[in-house]
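Colleague:
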Amino acid sequence: MLNTSSSVPCRLEGFLVAMAACQMMYSHGVAAFSRMLTIIYASKHIFRSNICLWSCIGFGWLFSIVIALPYLFLDGFTCSTSTTRTFLSYYTLFSVLLLPAMIVGFCNGRVFLFVCKSTRQVHAQGSSGKVSHERDVRLLEIMIVTFTIFFAGWTPVLLTQTFGNSNSLPTVIGACLQVLPSSTVFFDVACLIYTNQPVRRFLKQLIVRHPRNALVSNTLR
């Protein structure tokens, strides 16, 4: 009974860490799935509505919580003694890395096939069809690049914490592994601001309200 009660804090910590990792990884899956619906089923208003968007976000949060539940009942990497470390290691590898990558790959693959198929119809639709086609292709490229960089930045950290002892790594390598996740998040945020005109316009409106930041606002144009 004492061992069970003493393992609760470390299990809770493992659950929170796993849930946070799932939230970050599956956010790309939610974005890819939502974008797939808006591109492939553009003629259906429900898939382009805010209700569908918030439903996808809510499902992503709920799914991430459910995926991390085993850490509440088993001793994971945050516990000093773990009898189920092997199971949770492979479970983490699948649920945090492989499954999100499969979801993003499937959604982007569907969008890619749709874009390739619609290429034949671009000339028949005229300039409006060409603009829509180019926008979909550019958005697909941005999503693939951002997820690839995000996935590459988080994979080394998750693998070392799940299967190995990060304390045994050289100090320089350990420091680089700790910097990689933050760098990928910064890149994703910067890419979102650079490629999303409504976000740039919103930030510009916030900055223009303060005259001292006029120089910064000019860089966002």
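Numbering (our numbering), first residue to last: 220 to 440. From the three backbone atoms N, C-alpha and C, an ideal C-beta is built for every residue, glycine too.
Mind reading off the beta-carbon distance from I258 to F333? Whole number of angstroms is fine, and I expect it under 8 Å.
Modeller: That belief holds up - the Cβ atoms of I258 and F333 are roughly 6 Å apart, short of 8 Å.
Colleague: Taking a contact to mean a Cβ-Cβ separation below 8 Å, would you say G233 touches Y290 in this structure?
Modeller: yes
Colleague: Alpha carbon to alpha carbon, what distance is there between I426 and A433?
Modeller: With a pLDDT of 49 at A433, under the threshold of 50, the modelled position of this residue cannot be trusted; read the value that follows with caution. Roughly 7 Å separates the two Cα atoms.
Colleague: Using CA coordinates, which residue listed in M255, L288, V323, A287 is at the minimum distance from L272?
Modeller: M255
Colleague: Beta carbon of A251, beta carbon of C326: below 8 Å?
Modeller: yes
Colleague: Apply the 10 Å Cβ neighbour rule to R420 and answer buried if 16 or more other Cβ atoms are within range, or exposed otherwise.
Modeller: exposed
Colleague: If we count the other Cβ atoms within 10 Å of its Cβ and call it buried at 16 or more, is F292 buried or exposed?
Modeller: The residue in question, F292, is exposed, as its Cβ has fewer than 16 Cβ neighbours within 10 Å.
Colleague: Would you call C335 buried or exposed, if buried means 16 or more other Cβ atoms sit within 10 Å of its Cβ?
Modeller: exposed
Colleague: Find the nearest neighbour of V323 within the set Q424, M238, R230, M244, judged by alpha-carbon distance.
Modeller: M244
Colleague: For I363, which residues of its own chain have a beta-carbon under 8 Å away from its beta-carbon, when the five flanking residues on both sides are left out?
Modeller: N327
Colleague: Report all residues from its chain with a CB closer than 7 Å to the CB of A320; omit the five preceding and five following residues, and keep chain order.
Modeller: In the same chain as A320, and ignoring 5 residues on each side of it, the C-beta atoms closer than 7 Å to its own belong to F370, in chain order.
Colleague: Tell me whether K263 sits in a helix, a strand or coil according to DSSP, three-state version.
Modeller: coil
Colleague: Are the beta-carbon atoms of A287 and C241 separated by less than 8 Å?
Modeller: yes
Colleague: Once you ignore the five residues that flank L231 on each side, which residues in its own chain have a CB closer than 6 Å to its CB?
Modeller: none
Colleague: Going by beta-carbon coordinates alone, are L399 and P375 separated by less than 8 Å?
Modeller: yes
Colleague: Put S314 into one of helix, strand or coil per three-state DSSP.
Modeller: helix
Colleague: Could you have a look at S401 and say whether DSSP puts it in helix, strand or coil?
Modeller: helix
Colleague: Taking just the CA atoms, how far does A237 sit from C395?
Modeller: 21 Å
Colleague: For S402, I'd like the list of residues in its chain whose CB is within less than 7 Å of its CB, leaving aside the five on either flank, ordered along the chain.
Modeller: G372
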